[in-house]
Amino acid sequence: MPGTSFFSDMLQGITERGRKLLFSASRSADSIVEADLETLCEMLLSSRGEASGMAIAAEILGRWSKLDSAGVEHFLQMLSEKFGADTAKLDKAVDRYRTEKSPAAIIALHKAAEPRRQELLRRLNHAPSGTAKLVRMRQQLLASNDRSDDDRALDADFTHLFGSWFNRGFLTLRPIDWSTPAHILEKIIKYEAVHEIAGWEELRRRLAPADRRCFAFFHPRLADEPLVFVEVALTRSVPSAIKDVLDEGREQIEPDQATTAVFYSISNCQEGLRGISFGNFLIKQVVEDLRRDLPGLRNFVTLSPVPGFARWLTRARSSEAEPLLTEEDRKVLGLLDDPAWVDDANAANEIEHVLLPLAAYYFLIERTPEGRPVDPVARFHLGNGARLDRLNFLGDRSAKAMQQAHGLMVNYLYKLEDIEMNHEALAQRGEVTASPAVKSLLGRNGDSRRGGRNEMSRPFAQVMNDRIGGGRK
1 MPGTSFFSDM LQGITERGRK LLFSASRSAD SIVEADLETL CEMLLSSRGE
51 ASGMAIAAEI LGRWSKLDSA GVEHFLQMLS EKFGADTAKL DKAVDRYRTE
101 KSPAAIIALH KAAEPRRQEL LRRLNHAPSG TAKLVRMRQQ LLASNDRSDD
151 DRALDADFTH LFGSWFNRGF LTLRPIDWST PAHILEKIIK YEAVHEIAGW
201 EELRRRLAPA DRRCFAFFHP RLADEPLVFV EVALTRSVPS AIKDVLDEGR
251 EQIEPDQATT AVFYSISNCQ EGLRGISFGN FLIKQVVEDL RRDLPGLRNF
301 VTLSPVPGFA RWLTRARSSE AEPLLTEEDR KVLGLLDDPA WVDDANAANE
351 IEHVLLPLAA YYFLIERTPE GRPVDPVARF HLGNGARLDR LNFLGDRSAK
401 AMQQAHGLMV NYLYKLEDIE MNHEALAQRG EVTASPAVKS LLGRNGDSRR
451 GGRNEMSRPF AQVMNDRIGG GRK
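Using the UniProt record's numbering, the first residue of the sequence shown is number 1, and each one after it goes up by one.
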């Protein structure tokens, strides 16, 4: 990207001139060489010159990049403890607001409440490759096993700044195909998080055919680093299993023969940007671009994993008081403990009959303490306005999918005219929009399956009826 290269070169030039200015005087050179990182951070905050400030920022990030794990922990702790809000100024601003409550008092309170490290991070961002290094810095913070309240406060500052620096207005959508530069294609292989890409030949099968698409968001300060990418299959129908999408022997079609666009893999690439949402913008823009280029497309769906389902089901099975499960259910679900069940048609049929109603409950009724869907992928798509359209038993037989979801996959439907309504139903009323086929699965708790145990099935039915009828929000 020529524009990005010019900007990076300009920053590097300013930084080098600033470095020469700083080191031209022996006193300045000695003070920088002898200063520790905390002192350099204070110098950066007090710096008034643009060039000298960029040089100090580059010096700080250069030293940070050479720290070992203990040094990184110490540096992050220093940011947390030494560069918070000035409490004396904050107390004074609070007292002023209590007496004045004027716009000026509110502005003063806002400035005083901002931790000093936010301005420090802004100035560090001015250094060459500063954005990329700060993203890696947050990645180190997130990797900490024992996060204190100070760590969470520091992370809140990173999140606040990244939310501005990486907002949709700065992102560019670029198609990824077999002609994309190899150094970017290598990163697609590396960052694929849903269906592993085994090597270049498999990547070619996903990118080269005419009925396949891939799109990624990029940021001008991370020019060759994709932030998030989506892989798309153009098909004649909605697939229920990932093998139908990835099978190298599948029938290929011309793009204008397709009626359905299937988003079968969405991967976030930068761990340091966790929690900064790009995927919702990505899907909506890709849908618009595909509709423009291929007007014959009528359906926009996903074929999605269910990463939290097996863990949830394990907890349900381990609780003897769980009203969702009868003794008969527990016996059938015990078949899951034998990995060979997937190749036993009778066992698989029994499991499917018990598993799918529980999966419907998992999506439609189960909630986090905050009232959100418990599955992370469901939170993303349902919060984005999609409809829960179909549950696919044994949609993915890979080891990863069997471990995470006993092979379950889901189709979410993006119907553009309903997206806002579906989003509002979940955000305002906690309601998951689902197809009649999915809702009907909740009715499979009849006595025929539960051996006539009316007392055992009543809590399950009552909870479902309360939820579907609006009794529980």
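Every residue gets a Cβ at the ideal spot worked out from N, C-alpha and C, and that includes glycine. The structure presented is a predicted model; accordingly, all values stated were derived computationally and were not measured.
Can you tell me the Cβ-Cβ gap for residue i and residue j, rounded? I've got them flagged as a contact below 8 Å.
i, j, result
"residue 384", "residue 423", "7 Å"
"residue 124", "residue 60", "6 Å"
"residue 281", "residue 168", "5 Å"
"residue 404", "residue 305", "7 Å"
"residue 382", "residue 373", "6 Å"
"residue 310", "residue 406", "6 Å"
Could you tell me whether the Cβ atoms of residue i and residue j are closer together than 8 Å?
i, j, result
"residue 360", "residue 441", "yes"
"residue 414", "residue 386", "yes"
"residue 278", "residue 363", "no"
"residue 227", "residue 270", "yes"
"residue 215", "residue 255", "no"
"residue 335", "residue 320", "no"
"residue 376", "residue 307", "yes"
"residue 187", "residue 225", "yes"
"residue 253", "residue 211", "yes"
"residue 135", "residue 246", "no"
"residue 154", "residue 80", "yes"
"residue 35", "residue 43", "yes"
"residue 303", "residue 262", "yes"
"residue 195", "residue 242", "yes"
"residue 286", "residue 416", "no"
"residue 78", "residue 37", "yes"
"residue 394", "residue 348", "yes"
"residue 435", "residue 389", "yes"
"residue 105", "residue 97", "yes"
"residue 248", "residue 213", "no"
Rounding to the nearest angstrom, what Cα-Cα distance links residue i and residue j in this structure?
i, j, result
"residue 82", "residue 75", "10 Å"
"residue 412", "residue 356", "16 Å"
"residue 301", "residue 92", "55 Å"
"residue 115", "residue 162", "15 Å"
"residue 127", "residue 400", "41 Å"
"residue 143", "residue 223", "25 Å"
"residue 184", "residue 139", "21 Å"
"residue 410", "residue 391", "5 Å"
"residue 203", "residue 178", "8 Å"
"residue 520", "residue 317", "Outside the shown range of the chain, which is 1 to 473, sits residue 520, and nothing can be said about it."
"residue 235", "residue 259", "6 Å"
"residue 299", "residue 268", "24 Å"
"residue 112", "residue 146", "29 Å"
"residue 54", "residue 89", "27 Å"
"residue 284", "residue 421", "15 Å"
"residue 209", "residue 107", "56 Å"
"residue 181", "residue 237", "32 Å"
"residue 69", "residue 402", "35 Å"
"residue 137", "residue 67", "11 Å"
Ignore the nearest five residues each way along the sequence and tell me which others in residue i's own chain have a CB closer than 7 Å to its CB.
i, result
"residue 130", "57, 61, 124"
"residue 219", "166, 170, 171, 227"
"residue 453", "Legend: pLDDT at residue 453 = 34, less than 50; position of this residue unreliable, no value from coordinates given."
"residue 94", "109"
In chain order, what residues of the same chain lie with their CB nearer than 8 Å to the CB of residue i, ignoring the 5 residues before and after it?
i, result
"residue 72", "64, 140"
"residue 121", "134, 157, 158, 161"
"residue 333", "313, 317, 325, 351, 354, 355"
"residue 297", "234, 258, 259, 260, 261, 290, 291"
"residue 199", "189"
"residue 151", "76, 80, 141, 144"
"residue 379", "372, 373"
"residue 275", "159"
"residue 250", "244"
Among residues of its own chain, excluding the 5 on either side of residue i, which ones have a beta-carbon nearer than 6 Å to its beta-carbon?
i, result
"residue 478", "Residue 478 is absent from the model: the chain starts at 1 and stops at 473."
"residue 193", "267"
Legend entry - In chain order, each beta strand (DSSP E) run of at least 3 residues that lies wholly inside the stretch 47–132: none
Legend entry - Contiguous alpha helix (DSSP H) assignments of at least 4 residues, all confined to the stretch 290–332: 309–318
Inset, instruction - Give, in chain order, every unbroken run of the alpha helix (DSSP H) that is at least 4 residues long and sits entirely within the stretch 191–220. - result: 200–207
Inset, instruction - Could I get the ranges of all uninterrupted beta strand (DSSP E) runs contained in the stretch 239–280, with 3 residues as the minimum, in chain order? - result: 260–268
Inset, instruction - List in chain order: all unbroken beta strand (DSSP E) runs of 3+ residues lying wholly within the stretch 373–443. - result: 387–392, 409–413
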